[in-house]
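Before any comments, here is the structure.
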Amino acid sequence: ACTVADYLLAYELSENPAAEILPIVLFELEWFLKMQCEKTGGVHHKVSCAQFNALDEMPHDEMGELFLLPISPAATADFAATMALASRFYPEHREKFLHAAERAWNWLEANPDAPNFTNPPDIRTGQYGDEKIQDELFWAACELFAATGNEKYHDFIKSSEICTGLGWAEMGTYGIVAYLKHCEKRDAALTENMRKKLFDECERIIGKNKNEPYGTSQETKYRWGSNFDVANNAMTLLLYSLVAEKNSLYEEIATEHMHYLLGRNPLSISYITGFGANAAKNPHHRPSVAVGSAFAGMVVGGPNNTTVRDTALQSHCEGNPPSKFYVDHKDSFASNEIAIYWNGAVYFVAAVLNCDC
214 ACTVADYLLA YELSENPAAE ILPIVLFELE WFLKMQCEKT GGVHHKVSCA QFNALDEMPH
274 DEMGELFLLP ISPAATADFA ATMALASRFY PEHREKFLHA AERAWNWLEA NPDAPNFTNP
334 PDIRTGQYGD EKIQDELFWA ACELFAATGN EKYHDFIKSS EICTGLGWAE MGTYGIVAYL
394 KHCEKRDAAL TENMRKKLFD ECERIIGKNK NEPYGTSQET KYRWGSNFDV ANNAMTLLLY
454 SLVAEKNSLY EEIATEHMHY LLGRNPLSIS YITGFGANAA KNPHHRPSVA VGSAFAGMVV
514 GGPNNTTVRD TALQSHCEGN PPSKFYVDHK DSFASNEIAI YWNGAVYFVA AVLNCDC
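Now the structure itself:
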């Protein structure tokens with residue numbers, strides 16, 4: 214869901230949007246629709262094999278049985294938000310997308326105590342559980358209000374906590390962007406509170422940036438997907454400048470974050486495969502491993518000093534400082550993995566900054 218939002222917002226806010234993005238995203242949206250329960254309107258959390266397939270196996274060679282996992286409130290709220298957002302980009306599908314979004318919202322209203330998703334005991338693929346869905350509900354209400362003008366969604370927003378965050382777990386900033394940019398009947402006090410909330414988030418990033426020699430905002434915490442954090446912080450700064458108040462400093466610091474991803478970092482490595490003289494070449498990515506070389510244009514996870522079960526990472530980086538806890542090795546799932554939502558955030562930053570890459 215966050216990846217779809219990143220690509221559509223990049224298309225909307227870039228001065229030079231790439232036309233091929235819309236059919237690519239539509240392919241994903243059509244899959245989203247298959248995950249909605251026809252009877253109830255709720256959305257299944259994921260479809261998955263029981264466990265990960267071999268690292269050198271191409272997707273079309275994977276023959277494991279697929280399991281459709283239960284409906285979850287987080288997936289249903291994300292679906293409602295995404296479909297409402299997409300309705301303004303695809304006029305030929307507008308009614309279908311809005312109908313699907315409102316059915317999902319109705320399920321959420323009818324099931325306020327639905328449990329958060331956890332993997333069944335025999336499913337060992339990524340869980341992506343979410344203990345707090347207020348941010349997903351906030352985002353969904355903002356997108357539905359922007360798309361329909363229905364005051365029931367506005368009432369929900371007014372009674373809701375103003376949430377921030379970009380990513381698969383924290384989605385609130387997407388809601389703020391939808392409200393500030395696309396809601397015609399905004400409440401003045403709520404508008405100012407949202408702008409202030411987003412400003413405070415940007416200032417938190419700026420505060421970290423002042424002590425960061427490589428122009429980002431990480432400090433000493435490099436968690437799984439730290440490059441996702443780098444890209445999301447840059448995206449947050451750019452969104453504020455684009456939808457709230459023009460701020461050239463925010464844009465400059467966002468550019469510094471992009472420089473970091475492309476090689477101006479403690480390891481002098483480009484974390485985007487195929488771009489730069491010293492780019493990552495051995496990602497933890499099944500199609501790349503299967504063919505023996507990395508596909509170009511993929512963002513790897515980056516330094517990660519918080520995960521101890523990655524033996525390839527631990528054996529290579531023992532004693533390293535946090536910013537150098539990375540290894541370009543196919544077995545390092547905790548530092549060299551590929552994920553579409555990391556790519557989505559970096560794509561947004563590159564598109565809005567109009568990078569040649």
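Okay, so the sequence shown: first residue is 214 according to our numbering, each after it adds one. In this text, a Cβ means the ideal position worked out from N, Cα and C, and glycines have one as well.
Starting from the Cα of residue i, find the closest Cα among the options and give me that residue.
i                 : options                        : result
lysine 434        : Lys537, Glu251, Gly254         : Lys537
alanine 323       : Asn495, Gly255, Lys543         : Gly255
asparagine 329    : Leu242, Ala313, Gln347         : Gln347
leucine 279       : Ala353, Val521, Ala263         : Ala263
histidine 498     : Ala267, Ala232, Gly339, Ala231 : Ala267
threonine 289     : Asp343, Glu425, Ser506, Ile553 : Asp343
isoleucine 284    : Glu270, Thr253, Arg307         : Thr253
glycine 353       : Arg337, Ile370, Gln340         : The question names glycine, but residue 353 in the sequence shown is alanine. Among Arg337, Ile370, Gln340, the Cα nearest to that of alanine 353 is on Ile370.
leucine 526       : Pro230, Gly510, Glu550         : Glu550
isoleucine 336    : Val456, Ile389, His258         : His258
alanine 552       : Ile485, Leu451, Pro325         : Ile485
serine 372        : Ala402, Pro334, Tyr387, Ala391 : Ala402
leucine 321       : Tyr366, Thr338, Leu282         : Tyr366
lysine 410        : Glu356, Glu374, Leu455, Asn319 : Glu374
proline 272       : Pro500, Phe508, Pro304, Gly388 : Pro500
glutamate 228     : Ala547, Asn445, Leu455, Ser548 : Leu455
phenylalanine 441 : Ala547, Glu233, Pro230, Glu251 : Ala547
glutamate 464     : Glu270, Ser481, Asn422, Gly388 : Asn422
Going by DSSP, name the residue or residues bridged to residue i.
i                 : result
phenylalanine 280 : Ser261
glutamine 249     : Val256
valine 512        : Ile485
glutamate 550     : His497
alanine 492       : Ser483
For residue i, which residues from the same chain have a beta carbon less than 8 Å from its beta carbon, with the 5 sequence-adjacent residues on both sides left out?
i                 : result
phenylalanine 292 : Ala214, Phe245, Met248, Gln249, Val256, Ala313, Ala314, Ala317
arginine 307      : Ser300, Arg301
aspartate 368     : none
asparagine 406    : Ile375
glutamate 383     : Asp348, Cys376, Thr377
glutamate 270     : Arg499, Ala503
threonine 524     : Asp544
asparagine 567    : Ser227, Glu228, Asn229
So residue i packs on residue j, CB below 8 Å; how close in whole Å?
i              : j              : result
lysine 543     : proline 496    : 7 Å
proline 535    : asparagine 518 : 4 Å
valine 502     : leucine 474    : Actually they are not in contact, since the Cβ atoms of valine 502 and leucine 474 sit about 22 Å apart, beyond 8 Å.
glycine 515    : serine 461     : Going by Cβ atoms, the distance from glycine 515 to serine 461 rounds to 27 Å, so no, they are not a contact pair.
tryptophan 437 : tyrosine 554   : Tryptophan 437 to tyrosine 554, Cβ: 12 Å. No contact.
valine 512     : valine 559     : 5 Å
glycine 362    : lysine 398     : 7 Å
cysteine 530   : valine 540     : 6 Å
asparagine 446 : isoleucine 482 : About 19 Å separates the two Cβ atoms, so there is no contact after all.
For residue i, I'd like the list of residues in its chain whose CB is within less than 6 Å of its CB, leaving aside the five on either flank, ordered along the chain.
i             : result
alanine 327   : Pro286
glycine 385   : Asp348, Phe351, Cys376, Thr377, Gly378
alanine 299   : Leu242, Phe310
glutamate 225 : none
leucine 452   : Val390
valine 260    : Leu279, Leu281
leucine 396   : Residue identity differs from the one stated: residue 396 is cysteine in this sequence, not leucine. Contacts found: Phe358, Ala359.
alanine 294   : Trp352, Ala353, Glu356
glycine 388   : Phe351, Trp352, Cys355
Looking only at its own chain, which residues have a Cβ that is under 7 Å from the Cβ of residue i, when we skip the five neighbours before and after it?
i                 : result
phenylalanine 561 : Asp219, Leu222, Ala223, Met448
alanine 360       : Ala297, Ser300, Arg301, Leu311
glutamate 305     : none
Any heavy atom of the ligand ADP closer than 8 Å to the Cβ of residue i?
i           : result
alanine 447 : The ligand content of the structure shown is nil, which means the ligand ADP is not present either.
Does residue i have its Cβ less than 9 Å from a Cβ in chain D?
i           : result
leucine 357 : Of the protein chains in this structure there is only one, and it is not chain D.
Legend entry - At least three beta-carbon pairs within less than 8 Å, the segment 214 to 222 to the segment 235 to 243: Here the segment 214 to 222 lies against the segment 235 to 243, with 3 or more beta-carbon pairs under 8 Å apart.
Inset, instruction - State whether the segment 462 to 470 contacts the segment 415 to 432, with contact taken as three or more CB pairs (one from each stretch) at a distance under 8 Å. - result: Short answer: they touch.
Legend entry - Cβ contact check for the segment 482 to 497 and the segment 408 to 415: 3 or more pairs under 8 Å: Contact check between the segment 482 to 497 and the segment 408 to 415: fewer than three CB pairs, one atom from each, fall below 8 Å, which does not count as touching.
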